Amino acid sequence: MGRGGILGELEQMVLLAVLRLATPYPVSVRDEISAVAGVDLSRGTIYVTLHRLEGRGLVESWLGEATPERGGKARRLFRVTARGRRALAESRAALDRLGEGVEPVRER
Amino acid sequence: MRRWVERAIEWWLRRVVPSGWADSIFADLREDGRAGALWPQAAIAARFTLEALSSWRPRRPRWGTAGTGGPMLATEIRHACRALWRSPGFTATAVLTLALAIGANTAIYSALRSIVLHPLPFPDSDRLVFVWHRNAGMGGMLLTPPRTAIARWRALTGVFESLESFDSRSLIVEEGGEPAEVRVTFLDPSTLRMLGAAPRIGRDFVEADTAPGAPPVLLISHEIWLERFKGVPEVIGRALSLNGTPYTVIGVMPPGFDLPMGSDALWAAAGSDRAGTARENTIGKLRPGVTLEQAQQALDSLGSADADDDRKGWSGYLLAPRDHHGTYIHRALYVLAGAVALLLLLACVNVANLVLSRNAARRRELAVRRALGVSRGRLIRHVLVEAVILAGGGAVAGLLVSRWCLDLIRAIRPANLEALDRVTIDGAALAFLGVASLVTTVLFGLAPAISASRFDLQAVLKTGSPQATPSGLRVRRALAVAQVALALMLVIGATLLLRSYGRLTAVDPGFDPEGVIAVRLDLPAHRYPARDLARREQFFDDVLSRARELPGVASAAFGNGIPPETGVMFGRTLEVHGRTLGDHGSLLSGAYVSPDYFTTLGIPIREGRAFSTHDTEGSEPVVIVGQAFARQVWRGASPLGARLRTQSNEAWATIVGVVPDVASPDRTWPQIYFPRAQARPGWGSLIIRADGDPLALLPAIKAAVWASDPQLPVQDIDTAGQVLRRTTSGARFNMALLASFAACGLLLAVVGVYGVMTLFVGQRQRELGIRMALGASRGAVALLVFRQSAVVLLSGIVIGTLGAAWLATFLQSLLYETAPRDAGSFAAASAAIALAAAAATIAPIVRARRVDPTTLLRAE
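Protein chains in written order, with the working numbering: chain A, 5 to 112; chain B, 417 to 1276.
So, in structure tokens, the structure goes:
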């Protein structure tokens, strides 16, 4: 297991949403989680989680191009780093190992 | 003030988010359509602040050493948090008390601001005035002024920067779903410019839109756009038909936009065909520096254009927007604001009391720390930090409470105060209240910290038990008296309103409301022209016979609505043939009713007969009058056979019946009924008495109407219960809010009395033990404690009664058939306080009785 331990549910959701999206930035990440997972997260939670993940080197961010509908301001775009992908895979694998043989969890 | 809050939140956000993120966050919000909204900004900033706090670690605790600077303050905060955490009872009570008071005050102040202080959400709204036609001779009745007069007033360019009038009509929209009636306002392009309002999407009206022959164009509300057009931008250019005329949509107004005076959904450009005599809603914008009084004088000196109007006593009358809802609600809101301020005072007293007792208990700790060399400055700083944390916690929790309070206010608001739905929390008020609670906590927290330097350290350390000084107890007893007095004032106010409300709802409505429901049917003139009266009547007859046959319908009739909302006829001159009447004014409570009206509403016929199917257009005109009017004019003699008319150009109508009076906006107005068949209005309320739940019949009623005309809106659906509740909604609102404040006040007072009595028992434990050792019975000890609390209680009740007797005069105008110094209410409220306080004394008394003399004296 990596240094960070198992990623929280929230962190996994945000990482997966960033991976799924063509242009991942806070607004689209929030919409994606809401649309696909059916979980409505507050804006603040999205920002803080992205910041936390960036601090741990699991995502990295940079400023994109400015667009007129945003009042000429740029988007902060995100990308999952190699370390992020590894942490995500390990976390999911760890959970799977724990669930193995525990039938009630695997049903449905 | 909002700008100030905006800047503060932006500063906060920029401080807590990672560097380089702030701009993109603002842009994200803008993309989400929340540009400039304060809530999301504050929420994001709060989230980052929490994150920073939870991951924060102190560098190295340096407790006990003197010094200033950042890390020390951080340590101080951590220590204060830990200390507060260790006494959860104190912390929770203090924070909850502050939250209740701050929340309730913020909510009421926000409501007051939106209704009274800043009623119109437009730039320069303090220069906007409503212009009415007022008649001093008719009890100051206000009507919308005629266009001829408006045109004349427009010439007063030295007073008015602009003067705009508009006309609202209810028209039927058929597109999408059930046909519905919407309010459409016809206005000039200059009106929106005067208000500084513009569409969010699409274009504004231009002068060409009002030219003769111009294609009709429409601005739609944000709500209709979402509801009927799914919020797509392609709505621009689409057609929407109103009463059969196609209009082109040219724009969508911003969410929540409404003209002052209206609850509109659509705005159309006024045509050029408006008649000069038409009366229209009028708003003026005063020139900067011109006062309402100066403008009124200018209007008075001009008169209206119509000599006839002037002779009849009509003149222009200016009304400030804040007076639009009438003075009743003003007084009500000011009374509520006063009550809630009392609650704030009570909460501050309570917190002061709490802080005092906490510090009394900590005298030993403070003394030890002084002895260990901690400076007085450090102790003071410690107390200050604790106070800031408590007040901050109270303010944050108060924000939540104020949101619930506003939800409550919206849920029970009087029917005519739609403006309350738009109330938002006032940041300035919240900040002010946070500071007020901070001052209280600091003030009472500091006293012991300052006096800590004067401690006789040895004495404090030697006695070993945490004790209050006698002077501390005196202060606390005075605070408890204040709490009882303040709570009593609130409870007395609530009791008065409760009693008044009880009397208001007990008024006999004059009919049987059980199972009655009404829907209004208004035939549109473009499909049922006035010249085709037979078709209109055919429609109403069809609907009535279909409604009668519905299963579950006991009886059905047409009328003007459910009393007291049966409509007012104004501008009438009532005459009785062969008699001169006293001055009745020109207002009548009249209704056009079908023969079964009285049976359906359960109004008995006192004399004569009800209308019958033989009272038609061809037969002799007849009327039925209300009992009070009959008694007043005929003084016990029978009015049957007498003749009256309500307008000099009408035929005389014979009185054929007398019925009891029903609920009315003003019971002094004569109540007069006319047969529908002789008046033939193009509208009517279908009134139905159901055997069971009237609302269950609604689908069947709609179907019965739509069987005759599938495009007719079925509107203003009301049960009699709803109508009667609505007429008392203002009184219920005041009563419910004041009662909740009083309940909070009572709770706080109980906490206060309990606290002071517990302290008393704790302090006198040794004395009580000695008394018992010397043979005093447990009962005598209990009595001693009880006497102490009785002194506090009685002083509180005396002071509270005096205060309430003075304050109650402010309530007078809100009371119905209840004296402001109603002895019964005062007694009941005092009894409630006494009971509550007695309950709060039980636990201390039990504790006093349990004092074990041997253990106590051994400890000595």
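The beta carbon of each residue, even a glycine, is placed where N, CA and C say it ideally should be.
This structure is a prediction, so every number in the text was calculated from the model and none was measured.
By how many angstroms is the C-alpha of residue j removed from the C-alpha of residue i?
i, j, result
"A763/B", "F1149/B", "23 Å"
"T481/B", "L500/B", "The pLDDT assigned to T481/B is 43, lower than 50, so where the model puts this residue is not dependable, and the model offers no usable value."
"N775/B", "R502/B", "14 Å"
"F974/B", "V589/B", "25 Å"
"A1254/B", "I1261/B", "10 Å"
"G880/B", "R779/B", "Residue confidence is low: G880/B scores 48 on pLDDT, short of 50, so the model does not pin down where it sits. No coordinate-derived value is stated."
"G1024/B", "T1070/B", "12 Å"
"M17/A", "A39/A", "12 Å"
"E426/B", "W437/B", "13 Å"
"R83/A", "A515/B", "43 Å"
"R738/B", "E13/A", "52 Å"
"E94/A", "I10/A", "8 Å"
"L1334/B", "V1169/B", "Chain B is shown from 417 up to 1276; residue 1334/B falls before or after that span and cannot be answered."
"L906/B", "S1205/B", "21 Å"
"G1191/B", "V1201/B", "17 Å"
"L19/A", "A70/A", "24 Å"
"A458/B", "F442/B", "12 Å"
"R101/A", "R90/A", "16 Å"
"L1223/B", "R893/B", "24 Å"
"Y917/B", "S853/B", "34 Å"
"L752/B", "T921/B", "21 Å"
"G59/A", "D448/B", "26 Å"
"P929/B", "F1014/B", "12 Å"
What is the C-beta distance between residue i and residue j, in whole angstroms, given that I count them as a contact (C-beta under 8 Å)?
i, j, result
"T1217/B", "F1242/B", "6 Å"
"Q1043/B", "D1077/B", "6 Å"
"V1139/B", "E981/B", "6 Å"
"S65/A", "L45/A", "Contact flag wrong, Cβ pair sits at about 18 Å."
"I460/B", "R47/A", "5 Å"
"V31/A", "A21/A", "That belief does not hold up - the Cβ atoms of V31/A and A21/A are roughly 11 Å apart, past 8 Å."
"A811/B", "I518/B", "6 Å"
"V1075/B", "I1104/B", "Actually they do not touch by this definition, with Cβ atoms about 20 Å apart."
"M1173/B", "A1256/B", "7 Å"
"P1269/B", "A1196/B", "The Cβ separation is near 13 Å, so there is no contact."
Given a cut-off of 8 Å, decide if residue j and residue i are closer than it, judged by their beta-carbon atoms.
i, j, result
"H549/B", "Y733/B", "yes"
"L749/B", "I531/B", "yes"
"L1154/B", "A755/B", "yes"
"P632/B", "A684/B", "yes"
"L718/B", "I666/B", "no"
"E696/B", "S581/B", "yes"
"S1005/B", "Q1087/B", "yes"
"I1019/B", "F927/B", "yes"
"A1120/B", "R962/B", "yes"
"I617/B", "V547/B", "no"
"L849/B", "N521/B", "yes"
"A1106/B", "G977/B", "no"
"K77/A", "S440/B", "yes"
"L675/B", "T601/B", "yes"
"C1160/B", "L759/B", "yes"
"T1225/B", "L912/B", "no"
"S586/B", "E597/B", "yes"
"I1249/B", "A903/B", "yes"
Cβ closer than 7 Å: which chain B residues qualify as neighbours of residue i?
i, result
"R74/A", "A443, R446 and E447"
"V52/A", "R463, F464 and E467"
List, in chain order, every chain B residue whose beta-carbon is nearer than 8 Å to that of residue i.
i, result
"T49/A", "R463"
Could one say the Cβ of residue i lies closer than 8 Å to chain C's Cβ atoms, at least one of them?
i, result
"V433/B", "Protein chains in the displayed structure are A and B, and chain C is not among them."
Quick one: which chain A residues come within Cβ less than 7 Å of residue i?
i, result
"P456/B", "R47"
"I460/B", "R47, G48 and Y51"
For a contact defined as C-beta to C-beta under 8 Å, what are the partners of residue i on chain A?
i, result
"W437/B", "Y51, H55 and R80"
Check: Between the stretch 24-49 of chain A and chain B, which residues of the former have a C-beta closer than 8 Å to a C-beta of the latter?
Finding: Those would be Y29, P30, V31, S46, R47, G48 and T49, in chain order.
Notebook entry, point to check: Which residues, in chain order, does the stretch 61-86 of chain A contribute to contact with chain B at a C-beta distance below 8 Å?
Noted result: From the stretch 61-86 of chain A, only L67, E73, R74, G75, K77, A78, R79 and R80 have a Cβ closer than 8 Å to chain B.
Next item on the list: Output, in sequence order along the chain, the residues in the stretch 753-773 of chain B whose CB is closer than 7 Å to any CB in chain A.
Entry: For chain A, none of the residues of the stretch 753-773 of chain B brings a beta carbon within less than 7 Å of one of its beta carbons.
Checklist line | Selection of the stretch 10-21 of chain A by Cβ proximity to chain B, strictly under 9 Å | finding: Listed by position, the residues of the stretch 10-21 of chain A near chain B (Cβ gap below 9 Å) amount to none.
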